[in-house]
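Q:
Protein chains in written order, with the numbering used here: chain G, 6 to 228; chain R, 16 to 286.
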């Protein structure tokens, strides 16, 4: 199991985090905290000396700036960056085959360690490519990654893609966590739901969540 | 029309305007509270700030206009001074990075990194002059007569005349500059962004921006038909102006609400 870096979420997932050799997707609207979950996942991996790969469509400095807001500092000890600017490898969003080859090579080189991969570019890939192409790319990538002791964490923007594309993407992943905002009178309530998670029975419940400098708090939602 | 109906209608329109801007600001801050991404939080914060700025600017005329020129100048400065432009531009400046991130190819918008520095220099420079003019030439704000003000100021000093002249031109030039850039930025991002949520928010923001020239147009029309400034603000003459202001408030409210899609509360947990 790969710890999420968030003790309350680990507890929710059965105390140990995401299943081994799994692909996890977090879906929700922009700015709700999907990427933050990825930052803590990476931070937790770095603490455990795992090999951490961050695949991002943003320049590295922008991500590092975002990360600092959560009390995490990647400047001293950071992941391997596969980013549009400032990373060890340049991420070209129009070059899916290059992306696939590079990722497989990096994973092969680090196959003696536990691997964590965080990807925030799937929505952009889906916008610039036909969904079938992205689906095929991810299927091949997951097959390759699962040969190693690796966990993939990906984020997907809600509201950017048609519902059939979202459903197709969900089927690819072993675990899907949904973050959404709900309206209750004059209040806005952020709720989390585990739509599916390999090794866990279906969970119909909703959970309140909030972020602080020390992490994410998850509590059972009650009206 | 009965004599007391005008002030009553004006009062009602002021209350409605204040209510819409306040409601919009409330939702912007409520959404900001639950968002985590700092650029989206900043965006929500500025939508709230813009609502509050519009609230103050639209209702500052209700502050008592005393015979003291300094107090009147401050009141007019609050209503029409450079600060709404500063707020509007800071809002634009914080919005552009959000917009850029919604473009999958992260293309630059109008070379913003350079452009923003240039605009900020102009804004800061002219604001210093505007504040100076407000403090030392309060008469300009009580008479609202720019030619007379320039004439009075140049009688004392050439420098003061220059300051007032600059101030007279400042407002319209800067306001137009900021608005043109805002609309241009929105149009560019609308063609590049694939984020439906953001597009929806921008659509309402665009409606709000269109309201600003409409407000100016209403003021001009009121002036042409003979309603002076002081007659207008306490009578039915203000109602059309406030109607457009309400539309502006509603557009800002919808823009804030669109920033994060809100769902209906799920049914009670079956466990």
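Glycine included, each C-beta is placed from N, C-alpha and C at the ideal position. None of these values were measured; they are calculated from a predicted model.
Sorted by chain position, which residues of the same chain lie with C-beta nearer than 8 Å to residue 215 of chain G's C-beta, five sequence neighbours on each side aside?
A: 195, 221 and 222
Q: Does residue 167 of chain G pass the burial test, meaning 16 or more other C-beta atoms within 10 Å, or should it be called exposed?
A: Classified as exposed, residue 167 of chain G has fewer than 16 neighbouring CB atoms from the shown chains inside 10 Å of its CB.
Q: Which residues, in order along the segment 24-50 of chain R, keep a beta-carbon less than 9 Å from a beta-carbon of chain G?
A: 41, 42, 45, 46, 48, 49 and 50
Q: Given that residue 94 of chain G touches chain R, what residues does it touch there, using C-beta distances under 7 Å?
A: Listed along chain R, no residue sits closer than 7 Å to residue 94 of chain G by beta-carbon distance, the nearest being about 17 Å off.
Q: Could you check how far apart the C-beta atoms of residue 251 of chain R and residue 25 of chain R are, in whole angstroms? I think they sit under 8 Å.
A: Residue 25 of chain R and residue 251 of chain R do touch by the CB rule: their CB atoms are close to 6 Å apart, below 8 Å.
Q: Please report how far the alpha carbon of residue 218 of chain G lies from the alpha carbon of residue 72 of chain R, in whole angstroms.
A: 37 Å
Q: What does the Cβ neighbour count give for residue 162 of chain G, buried or exposed, with the cut at 16 atoms within 10 Å?
A: buried
Q: Starting from the C-beta of residue 37 of chain G, find all residues in its chain whose C-beta is less than 8 Å away, skip the five residues before and the five after it, and write them out in chain order.
A: Correct list, in chain order: 184, 185, 186 and 195.
Q: I'd like the list of long-range same chain contacts for residue 159 of chain G, defined as Cβ closer than 6 Å, with 5 residues on each side in sequence excluded.
A: 30, 124 and 127
Q: If you run the structure through DSSP and keep just helix, strand and coil, what is residue 225 of chain G?
A: strand
Q: Write down every uninterrupted run of the alpha helix (DSSP H) in the segment 75-107 of chain G whose length is 4 residues or greater and which is fully enclosed by it, in chain order.
A: none
Q: With 8 Å set as the bound, which would you pick, yes or no: does the beta-carbon of residue 87 of chain G sit closer than that to a beta-carbon of chain R?
A: no
Q: From this set, G:91, G:87 and G:203, which residue's C-alpha is nearest residue 177 of chain G's C-alpha?
A: G:203
Q: Among R:263, R:197 and R:52, which has the Cα closest to the Cα of residue 70 of chain G?
A: R:52
Q: DSSP three-state label for residue 2 of chain G, please.
A: Nothing in the structure corresponds to residue 2 of chain G, since chain G is present only between 6 and 228.
Q: Looking at the C-beta of residue 204 of chain R, does it have a partner C-beta in chain G at a distance below 8 Å?
A: no
Q: Is the beta carbon of residue 62 of chain G sitting closer than 8 Å to the one on residue 96 of chain G?
A: yes
Q: For residue 52 of chain R, decide whether its Cβ has a neighbour in chain G, counting only Cβ atoms nearer than 8 Å.
A: yes
Q: With burial defined as no fewer than 16 other Cβ atoms inside 10 Å of the residue's Cβ, what is the status of residue 117 of chain G: buried or exposed?
A: exposed
Q: If you follow the beta strand (DSSP E) that residue 215 of chain G is in, where does it begin and where does it stop?
A: 212-217
Q: Pull up the CB-CB distance for residue 39 of chain R and residue 271 of chain R, whole angstroms please, since I reckon it's below 8 Å.
A: 6 Å
Q: Relative to the alpha-carbon of residue 126 of chain R, which residue among R:108, R:46 and R:49 has its alpha-carbon at the smallest distance?
A: R:108
Q: So for residue 247 of chain R, helix, strand or coil by DSSP?
A: In this structure, DSSP gives residue 247 of chain R a helical state, which the three-state scheme calls helix.
Q: By how many angstroms is the C-alpha of residue 33 of chain G removed from the C-alpha of residue 182 of chain G?
A: Cα to Cα, the separation comes out at about 9 Å.
Q: Note down the Cα distance separating residue 121 of chain R from residue 253 of chain R, rounded to an integer number of angstroms.
A: 44 Å
Q: Leaving out five residues on either side along the sequence, give the residues of the same chain with a beta carbon under 7 Å from the beta carbon of residue 261 of chain R.
A: 31, 32 and 35
Q: Check each residue of the segment 11-43 of chain G: if its Cβ is closer than 8 Å to any Cβ of chain R, include it; give the result in chain order.
A: 34, 35, 36, 37, 38, 40 and 41
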